[in-house]
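Heads up, the thing below is written out as structure tokens.
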Amino acid sequence: MGSMYTEHQKDTQKADSGITSYRLAARYLAVLCLLLAAGSLFQTIHMVQMNNTFQTWSVSQKEQVRELERKFKALNLTYSSLFVKFPELDKYCPVTNKTSQERTCRLCPEGWEFFGGKCYLYSTDRQDWKSSRCNCMSLGGHLVVIKSEEEQVYLWKKAKALSQGDSYWLGLHDTDSGAWQWVDNTSLANSVQFWGYMQERGDSGELCAILSPGDNYKMDWYTFPCKNTLKRICERRSGTLL
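Structure representation (structure tokens):
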């Protein structure tokens, strides 16, 4: 009888132990489920926040792109209108691609040579001095005015290479008083001089200066009757678009 009671007690303890283990497992499982649920909720919240942030960023980016496109169109319109209002710009920024209307800007108009911040044009036709002066003015410049030895050397070398024995009108002429004056109204007395031969006005009438490139750049200015026809050197300021 006593042994049966003892065995019953053992069975009861085993049952209680099994129930306890099951309850612990159930609790652990419940905690795990809660953690998983919390993790899933956190991930969902994070994804929602990320999505909202991305949408906000995307909207902001689209607005910026639209604003840039608007500014680009306005700038392009302004750019195009400049060439309508100021046709002179076509000389500095000619169209180089007719399909895309792309322009290439440069310091001097086509056919002009750049040196020392100025543009020079060496003509191929011949005119008298006054007509040459008018022609240079019609191109936005004037007959060349030599301000320095460096400029003289450049003009002498270039003219010598191009001239084939030709001479060029300078923007220098004598006045009724006998004084020599540049076309910008500065006096020759206050500037550099590179005379090869200089004569006074006589029966030939008004005299003008020419550059006749020889072997010595320091002696290649000569007087010549203004009514005669020669080639000319025009000068103008260089552009500042590039």
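The opening residue of the sequence shown carries number 1 in full-length UniProt numbering; numbering runs sequentially from there. Built from N, CA and C at the ideal position, the CB exists for glycine as well.
- Here Asn97 carries a strand assignment [DSSP, helix/strand/coil].
- A contact between stretches requires three or more CB pairs, one per stretch, nearer than 8 Å, and the stretch 140–154 meets this requirement with the stretch 177–190.
- Apart from the 5 residues on each side of it in sequence, Thr175 sits with its Cβ closer than 7 Å to the Cβ of Gln181 in its chain, given in chain order.
- Between Tyr197 and Ala159, the gap from beta carbon to beta carbon reaches 8 Å or more.
- Gln152 sits away from Arg232, with the two beta carbons spaced by 8 Å or more.
- The stretch 110–117 and the stretch 207–219 do not touch, with fewer than three beta-carbon pairs separated by less than 8 Å.
- The closest CA to that of Cys119, considering only Trp129, Asn190 and Cys108, is found on Cys108.
- Within the UniProt domain "C-type lectin" (115–235), complete beta strand (DSSP E) segments of at least 3 residues are found at 118–122, 168–174, 180–182, 195–197, 207–211 and 221–225, given in chain order.
- In its chain, beyond the 5 residues on either side, no residue has a beta carbon closer than 6 Å to the beta carbon of Val59.
- For Leu155, the closest alpha carbon among the candidates Met137, Trp221, His173 and Glu200 is that of Trp221.
- In the displayed model, Glu110 falls within coil according to three-state DSSP, outside both helix and strand.
- For Val192, the closest alpha carbon among the candidates Glu150, Ile45 and Trp169 is that of Glu150.
- Setting aside the 5 residues that flank it on each side, Cys136 is surrounded in the same chain by His142, Leu143 and Cys234, each with a C-beta closer than 6 Å to its C-beta; the list follows chain order.
- Rounded to whole angstroms, the separation of the alpha carbons of Gly171 and Trp129 is 9 Å.
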